[in-house]
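For reference, the structure is listed below as structure tokens.
In my numbering, the protein residues as written are 724 to 1129.
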């Protein structure tokens, strides 16, 4: 079969509207449009997927939360639906995934790329982990790469992985040597050479799972979340209680929030559609004191950030972020804004004035075991360290704990 970057339309166009498909896989399948190239690296990538029987189970669990939104966004932009599968290649649909190079989120966006794309990021929140913000930014970036590289999606995807500079230099070298300049002909690094075939191999599996005797996990062709407006900063644990849902699920839908409470500049929470009206109603009836409050404090002679943080039961990082402090230097007579409320605040207040304690995870440790050992809650450990509650702890991983004295 001849190598080709894409087809103009699927082999068998579907007469169904996107919302009428029986499940999300069927909807994706109807929109796939690329021809499968006759390439050994695609076959190798196929073999690797088939050798991981648990892969589809993981994709099913996470896809139930995130994939519908991604498909919707790709369709609305009239981009190839193969691109909706790119986060499966990048992060196995894990918004908490972090690479050794500090790429983050479903789309594995690098810090510099995130800044270039205007993604919000501060002590409270990182848009690279947010489902909607990261998806919008990644698709903007992919479209920009596609337009820059003369409408070739294979080259755009290669540039998403390896950088636009590396791809354009490879094109220039081939042009100077009189060689072809399609993706399959370019001298690119091994990682990028393998990256595009992995996406094509995955789209082949989705297009015809029966050919490999696979059963894709069922995914509903329906929204997994809706946005609920908050009236101020609210604890995630409190919001989960108000919505009548598990904290872990709320965190999984809102992974952009890094701390125990919603970010000051983010006024929405994502919740399952069936929980939205309950959360709206109960948020509207909240006493203002139940929201995270801000208190002004005038710095006195001899004060330090650590002393003030212990006094009010907040983290030093929260004081620095709230007051735009780059270091720990504060001056007597200056005013600081103190965030009040939130589970760390309550925990620290109950425990008394404490210093953060470092803990290195040992083999066999679990959140339950550590919480039991130090007499703290699992939810607090998750909040203090911005952990993914679904991920396993790793030996050697460092945690910060706030443990009261006797």
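Ideal placement from N, C-alpha and C gives every residue a C-beta, glycine not left out. No experiment lies behind these values; they were computed from the predicted model shown.
Cβ-Cβ distances below 8 Å link residue 1024 to 1055 in the same chain, with the five nearest sequence neighbours on each side left out; the list follows chain order. Distance check between residue 788 and each of 993, 1081, 850 and 891 places 993 closest, using alpha-carbon atoms only. For residue 927, the number of other beta carbons within 10 angstroms of its own is at least 16, and it is reported as buried. Pairing residue 842 with residue 851 gives a Cβ-Cβ distance under 8 Å.
For residue 935, the secondary structure class from DSSP, reduced to helix, strand or coil, is helix. Of the residues 755, 950 and 1115, the one whose Cα lies closest to the Cα of residue 931 is 755. In the three-state reduction of the DSSP assignment, residue 744 falls in the coil class, being assigned neither a helical nor a strand state. For residue 1117, no alpha helix (DSSP H) run applies, since DSSP gives it neither H nor E.
The beta-bridge partner set that DSSP reports for residue 1060 consists of 1019. In this chain, the alpha helix (DSSP H) harbouring residue 868 covers 854-871. Residue 954 sits close to residue 1006, with the two beta carbons spaced by under 8 Å. The closest CA to that of residue 740, considering only 840, 864 and 795, is found on 795. Note on residue 883: 16 or more other CB atoms within 10 angstroms of its CB, so buried under the neighbour-count rule. Between residue 1082 and residue 1122 the beta-carbon gap is near 5 Å, inside 8 Å, which marks them as a contact.
According to the DSSP assignment, residue 915 belongs to no beta strand (DSSP E) but to the alpha helix (DSSP H) extending over 913-930. Residue 747 is a Cβ neighbour of residue 791, given a cutoff of 8 Å. Non-local C-beta neighbours of residue 840 in its own chain, meaning closer than 7 Å and more than five positions away in sequence, comprise 860, 863 and 864, ordered along the chain.
Short of 7 Å from the beta carbon of residue 772, and not among the five residues preceding or following it, lie these beta carbons of its own chain, in chain order: 778, 924, 925 and 928. Three or more Cβ pairs drawn from the segment 802-812 and the segment 754-768 lie within less than 8 Å of each other, which places the two stretches in contact. Annotated three-state conformation of residue 982 is coil, per DSSP. With 16 or more neighbouring CB atoms inside 10 Å of its own CB, residue 857 falls in the buried class.
The beta-bridge partner set that DSSP reports for residue 952 consists of 991. Residue 911 and residue 845 have their C-alpha atoms spaced approximately 35 Å apart. Excluding the 5 residues flanking it on each side, residue 872 has same chain C-beta neighbours closer than 6 Å at 878 and 879, in chain order.
For residue 1061, same chain residues with a beta-carbon under 6 Å away, outside a window of 5 residues either side, are 1018, 1020 and 1035 in chain order.
For residue 888, the uninterrupted alpha helix (DSSP H) run begins and ends at 887-899, by DSSP. In the DSSP assignment, residue 1124 forms a beta bridge with 1080. The beta carbon of residue 918 sits closer than 6 Å to those of 884, all from its chain and outside the five residues before and after it, given in chain order. DSSP places residue 1086 outside both helix and strand once states are collapsed to three, so it counts as coil.
When rounded, the separation of the alpha-carbon atoms in residue 798 and residue 1000 is 28 Å. One thing to note: residue 973 has its Cβ no nearer than 8 Å to the Cβ of residue 984. Assignment of residue 875 by DSSP, reduced to helix, strand and coil, places it in the coil class.
According to the DSSP assignment, residue 833 belongs to no alpha helix (DSSP H), since it is labelled neither H nor E. If you draw a 10 Å sphere on the C-beta of residue 1038, you find 16 or more other C-beta atoms in it, and that means buried. In the three-state reduction of the DSSP assignment, residue 749 falls in the helix class.
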